[in-house]
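Visitor:
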Amino acid sequence: MGWFTRKRKDAEQPETKEEVFIQCPACKAHIYKAEWEKNLEVCSHCNHHERMTCWERIDLLIDRGTFREINRRVTASDPLKFADAKGTYGEKIKETRQKTGLNESVVTGRGRINGIRVVLAVMDFRFFGGSLASGTGEKIYQAAAYALKHRQPFIIVCASGGARMQEGIVSLMQMPKTCAAIARLQQARIPYFSIMTDPTTGGVSASYAMVGDIHIAEPKALIGFAGRRVIEETIKQKLPDDFQTAEYLMEHGFVDLIVPRKEMKDTLHKLLKYCVAA
Amino acid sequence: MYLDFEKPIEDLDAKIAELKAASSGTGAGPDPQIEKLEQERSRVLKDLYSKLTPWQTVQVARHPERPLLRDFIAGLCSEFIELHGDRHFADDQGIIGGFATIESHRLMLIGHQKGRTVEENLRCNFGMARPEGYRKALRLMRLAEKFRLPVVTFIDTPGAYPGADAEERGQAEAIARNLLEMAALRTPILVVVTGEGGSGGAVGIGMGDVILMLSNAVYSVISPEGCASILWRDGTKAPEAANALKITARSLLDLKVIDEIIPEPAGGAHRDPQGTMEAVKKALMKHLRRFQGLSSKKLAARRMEKFAAMGRYR
Ligand SMILES: [Zn+2]
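First to last, the sequence lines map onto chains A and B.
Every letter in the first sequence is one number past the one before it in numbering that gives the first Met the number 0, and letter 216, counting from 1, is 215.
Every letter in the second sequence is one number past the one before it in numbering that gives the first Met the number 0, and letter 79, counting from 1, is 78.
(1) Who's in the neighbourhood of ligand 1, going by beta-carbon under 6 Å from any heavy atom, listed in chain order?
(2) Note down the Cα distance separating I155 (chain A) from N38 (chain A), rounded to an integer number of angstroms.
(3) Please name the residues in the stretch 126 to 154 of chain A whose beta-carbon is closer than 7 Å to at least one beta-carbon of chain B, in chain order.
(4) Looking at the secondary structure, which residues open and close the alpha helix (DSSP H) in which Q141 (chain A) lies?
(5) So which residues of chain B does S76 (chain A) contact, with C-beta pairs closer than 7 Å?
(6) Answer yes or no: do A162 (chain A) and L131 (chain A) have a C-beta to C-beta separation smaller than 7 Å?
(7) In chain order, which beta strand (DSSP E) runs of at least 3 residues are fully inside the stretch 188 to 216 of chain A?
(8) Report the neighbours of E166 (chain B) on chain A: residues whose CB is nearer than 8 Å to its CB, in chain order.
(9) Between the alpha carbons of G150 (chain B) and G97 (chain B), how many angstroms are there, rounded?
(10) Leaving out five residues on either side along the sequence, give the residues of the same chain with a beta carbon under 8 Å from the beta carbon of R5 (chain A).
(11) Could you have a look at I154 (chain A) and say whether DSSP puts it in helix, strand or coil?
(12) Which one of B:Q32, B:L36 and B:G28 has the shortest CA to CA distance from L11 (chain B)?
(13) For chain A, is any of its Cβ atoms less than 7 Å away from the one on Y133 (chain B)?
(14) In whole angstroms, what is the alpha-carbon distance linking I94 (chain B) and C123 (chain B)?
(15) For F4 (chain B), which option in B:D271, B:F290, B:A163 and B:K45 has the closest C-alpha, if you only look at C-alpha atoms?
(16) Looking only at its chain, what residues have a beta carbon closer than 8 Å to the beta carbon of D303 (chain A), apart from the 5 residues adjacent to it on each side?
(17) Here's the rule: buried if 16 or more other CB atoms are within 10 angstroms of the residue's CB, otherwise exposed. What is D197 (chain A)?
(18) If you run the structure through DSSP and keep just helix, strand and coil, what is Y31 (chain A)?
(19) By the criterion of Cβ-Cβ separation under 7 Å, what are the contact partners of F306 (chain B) in chain A?
(20) Listed in chain order, which residues of the stretch 140 to 173 of chain B have Cβ atoms closer than 9 Å to some Cβ of chain A?
(21) Under 7 Å Cβ-Cβ, which residues of chain B neighbour R183 (chain A)?
(22) Which chain B residues sit within Cβ distance under 7 Å of T233 (chain A)?
(23) I80 (chain B) by DSSP, collapsed to three states: which one?
(24) Out of B:M181, B:L178, B:V220 and B:L244, which has the shortest C-alpha to C-alpha gap to S198 (chain B)?
(25) Output needed for A165 (chain B): all residues of its chain with C-beta closer than 8 Å, excluding positions within five of it in sequence on either side, in chain order.
(26) Apply the 10 Å Cβ neighbour rule to P31 (chain B) and answer buried if 16 or more other Cβ atoms are within range, or exposed otherwise.
(27) Are Y145 (chain A) and V118 (chain A) closer than 7 Å when you measure CB to CB?
(28) From B:R311, B:G274, B:A278 and B:G266, pick the residue whose C-alpha is nearest to that of Q55 (chain B); which is it?
(29) Along chain B, which residues have their Cβ under 9 Å away from the Cβ of L79 (chain A)?
(30) Can you pull the chain A residues whose beta carbon is under 8 Å from the beta carbon of R176 (chain B), in chain order?
(31) Within 7 Å (strictly less), CB to CB, does M309 (chain B) reach chain E?
(32) List, in chain order, every chain A residue whose beta-carbon is nearer than 7 Å to that of G220 (chain B).
(33) Would you say K138 (chain A) and E103 (chain A) are within 7 Å of each other, going by their C-beta atoms?
(34) With a threshold of 6 Å on Cβ separation, who are the neighbours of A142 (chain A) within its own chain once the five nearest residues in sequence on each side are excluded?
(35) With L178 (chain B) and P190 (chain A) assumed to form a contact (beta carbons below 8 Å), what rounded beta-carbon distance in angstroms separates them?
Next comes the structure, spelled out in structure tokens:
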């Protein structure tokens, strides 16, 4: 899959320019498309790490040809028969599945990282903002169970705005559910790494994202519990720009490592060697 | 204080009071007209409360006179020894806990604390705990595990505190850590949702072997107001959101998120705190007895299975 098959909607330059250049959504610099892609969608000016699809992420981290998806058929459910002003959640699921080709906000599978076998769950922000819902929780629970059964390290790449409102209380219950999955790994001394990418917030940050043996973040990723606007309204103050960034989280002791995209795979490999018996 | 939908009760109460005032001092016996109105009142009250809408239920759950944690402690416990602090940073008052005795049961009682007065609410932050509140709760749960005491938690919070200081000290990590540790805790955990079950802030002490809920309590992933302003782009659509979110005890029982509803007296817990205490005590006793002598390792495994089954639709 090509690194840049999507067209940016927020880019406001003439068509001809758009074909050659990408505008960095953070610093607005124009960057050669070829360079942007070679840089794995990282801005060479400001180090902004653009959000990746789950497939791009799997390409980045897993040895070519070794990824095997598991539980692909677990799809989003509609336990509340939810509807809002814009229509039913059921319809929206259908649309989103068609648009993204995904069945849920996470893809799970097994594969190798420089030869080491791992079980991997990768969230995808395109699917309802990567939100945690019943299907997401079930896939993560099953992937962890697979890791437990085969005694292989478990890695989750988080990219989520939090719990999915349309599944109400059931989505909230995926927090204890996924933490139970991690607790079982912990009891069996199976390594679990959490990789926090932009954004990792709400119910995901307050569950599996924050209970890893190792916490890795991508540079500048937004990580936190409550949303910036809610906090600003609560404390009636403006928050500094760096609030809830990966760097802020590291400074306050919640992240082990901040790893640029280019070094992520090799870093994982180095860490895994300490946690997996040869 | 009357809620909007209690207007018929308010009118009846006014009439009854009027008649009582008129007949007082006349020396006459019981006024049959008053008796009739009082019967009418209890019929209307029962009727109103038997078909509350989700949004009306939210209002009852947030009623300023609804029993708070301290009322439950006073009403249920023959002894309560509060234990303070998370041993790291502070003694949060949004969540409190300590050793408690209910009938013959010694246990660890932990819960969200709301206040009634402004001063009280400033102290306990309206029941919105900071990370140190969740960490104190975990410390006390560990203590309970060590001394083989069951844990009972009371849930009544608008949510975990969304403040800059809470973020700085790891609100997300504190809640996540609690869930991880509660999953494997080797002692029974009983949860009672008494008022507002506000999202992550509620579930952060809500991962139990048994989850009980008062009949007019609510439990939700987001407040109806918050949901309305996001999905309807209009905070006044909270009643619609409350409907859609399925936040009542009845809905949660149907969704298999809670195990049992504790019925409140007619007219809600605030009209009859004593009756509420009795109902809660009865339910707690039943489940405390049930868990006596169970293997603690099996218990934790079963707790994990219980939550694993939530949202499994295949
Ligand atoms: Zn840039």
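Heads up, the beta-carbon is just placed ideally off N, CA and C, and yes, glycines get one too.
Guide: So, from the listed chains and residues:
(1) These are the residues, in chain order, with a beta carbon less than 6 Å from any non-hydrogen atom of ligand 1: A:C23, A:A25, A:C26, A:A28, A:C42, A:H44, A:C45 and A:H47.
(2) Counted from its first residue, the first sequence places residue 155 (chain A) at position 156. Counted from its first residue, the first sequence places residue 38 (chain A) at position 39. Pairing I155 (chain A) with N38 (chain A), the inter-Cα distance amounts to about 23 Å.
(3) Listed by position, the residues of the stretch 126 to 154 of chain A near chain B (Cβ gap below 7 Å) are S133, G136, E137 and Y140.
(4) Numbered from 1 along the first sequence, position 142 holds the residue referred to as residue 141 (chain A). Unbroken alpha helix (DSSP H) run through Q141 (chain A): S133 to H149.
(5) Position 77 of the first sequence, counted from the start, is the residue given in the question as residue 76 (chain A). Against chain B, the beta carbon of S76 (chain A) has neighbours under 7 Å at Y312, listed in chain order.
(6) Along the first sequence, read from residue 1 onward, the residue named residue 162 (chain A) stands at position 163. Along the first sequence, read from residue 1 onward, the residue named residue 131 (chain A) stands at position 132. Yes, the pair counts as a contact, with Cβ atoms nearer than the cut-off.
(7) DSSP runs (the beta strand (DSSP E)) wholly in the stretch 188 to 216 of chain A: 191 to 200 and 213 to 216.
(8) To locate residue 166 (chain B), count along the second sequence from 1; it is residue 167. The contacting residues are G223, F224, A225, I230, F242 and Q243.
(9) By 1-based counting over the second sequence, the position of residue 150 (chain B) is 151. By 1-based counting over the second sequence, the position of residue 97 (chain B) is 98. The residue asked about is misnamed: residue 150 (chain B) is Val in this sequence, not Gly. Cα to Cα, the separation comes out at about 10 Å.
(10) In the first sequence, residue 5 (chain A) corresponds to position 6, counting from 1. Confidence is the limiting factor: at R5 (chain A) the pLDDT is only 43, short of 50, which leaves the residue's position unreliable and the question unanswerable from this model.
(11) Locating residue 154 (chain A) in the first sequence gives position 155, where the first residue counts as 1. For I154 (chain A), the three-state secondary structure derived from DSSP is strand.
(12) As a first step, residue 11 (chain B) is located in the second sequence; it is residue number 12 there, counting from the start. Among B:Q32, B:L36 and B:G28, the Cα nearest to that of L11 (chain B) belongs to B:L36.
(13) Within the second sequence, numbered from 1, the residue matching residue 133 (chain B) stands at position 134. Interface criterion not met: the Cβ of Y133 (chain B) is under 7 Å from no Cβ in chain A.
(14) Here residue 94 (chain B) refers to the residue found at position 95 of the second sequence. Here residue 123 (chain B) refers to the residue found at position 124 of the second sequence. In a straight line, the C-alpha of I94 (chain B) is about 8 Å away from that of C123 (chain B).
(15) On the second sequence, residue 4 (chain B) is found 5 positions in, with the first residue counted as 1. Nearest Cα to F4 (chain B) within the set B:D271, B:F290, B:A163 and B:K45: B:K45.
(16) Lying outside 0 to 277, the shown extent of chain A, residue 303 (chain A) is not represented and no answer is given.
(17) Taking the first sequence and counting its residues from 1, one reaches residue 197 (chain A) at position 198. Its Cβ being crowded by 16 or more others within 10 Å, D197 (chain A) is buried.
(18) Taking the first sequence and counting its residues from 1, one reaches residue 31 (chain A) at position 32. In the structure shown, Y31 (chain A) adopts extended strand secondary structure according to DSSP, grouped into three states.
(19) By 1-based counting over the second sequence, the position of residue 306 (chain B) is 307. Under the 7 Å cutoff, chain A gives M172, P175, K176 and A179.
(20) Taking 9 Å as the Cβ-Cβ cut-off against chain A, the residues of the stretch 140 to 173 of chain B that qualify are G158, A159, Y160, P161, G162, A163, D164, A165, E166, E167, R168, G169, Q170, A171, E172 and A173.
(21) What you label residue 183 (chain A) is simply residue 184 of the first sequence in a count that begins at 1. Residues of chain B passing the Cβ test: M303.
(22) The residue you call residue 233 (chain A) lines up with position 234 of the first sequence. Contacts between T233 (chain A) and chain B, judged by CB atoms closer than 7 Å, involve P161 and G162 in chain order.
(23) By 1-based counting over the second sequence, the position of residue 80 (chain B) is 81. Collapsing the DSSP output to three states places I80 (chain B) in a strand.
(24) As a position in the second sequence, residue 198 (chain B) is number 199, starting the count at 1. Nearest option by C-alpha distance: B:V220.
(25) As a first step, residue 165 (chain B) must be located in the second sequence, where it is residue number 166. R129, P130 and A159, listed in sequence order.
(26) On the second sequence, residue 31 (chain B) is found 32 positions in, with the first residue counted as 1. With fewer than 16 other beta carbons inside 10 angstroms of its own, P31 (chain B) counts as exposed.
(27) The count along the first sequence starts at 1 and reaches residue 145 (chain A) at position 146. The count along the first sequence starts at 1 and reaches residue 118 (chain A) at position 119. Cβ distance < 7 Å, so Y145 (chain A) and V118 (chain A) count as in contact.
(28) Indexing the second sequence from 1 puts residue 55 (chain B) at position 56. The option with the nearest alpha carbon to Q55 (chain B) is B:G266.
(29) In the first sequence, the residue the question calls residue 79 (chain A) occupies position 80. Going along chain B in sequence order, the residues near L79 (chain A) (Cβ under 9 Å) are A243, L244, K245, S250 and L254.
(30) Here the question's residue 176 (chain B) lines up with position 177 in the second sequence. Residues of chain A passing the Cβ test: M209 and V210.
(31) In the structure shown, chain E does not exist; the protein chains are A and B.
(32) By one-based count along the second sequence, residue 220 (chain B) stands at place 221. First, the amino acid is wrong: residue 220 (chain B) is Val here, not Gly. Those are A162, M164, G167, I168, S170 and L171, listed as they occur along chain A.
(33) Stepping through the first sequence from its first residue, residue 138 (chain A) is reached at position 139. Stepping through the first sequence from its first residue, residue 103 (chain A) is reached at position 104. A contact, by the Cβ cut-off of 7 Å.
(34) By one-based count along the first sequence, residue 142 (chain A) stands at place 143. Exclusion of the five residues before and after A142 (chain A) leaves T107, V118 and A120 as the residues of its chain whose Cβ lies within less than 6 Å of its Cβ.
(35) Numbered from 1 along the second sequence, position 179 holds the residue referred to as residue 178 (chain B). Numbered from 1 along the first sequence, position 191 holds the residue referred to as residue 190 (chain A). Separation of the CB atoms of L178 (chain B) and P190 (chain A) is rounded to 19 Å, and the pair is thereby denied contact status at 8 Å.
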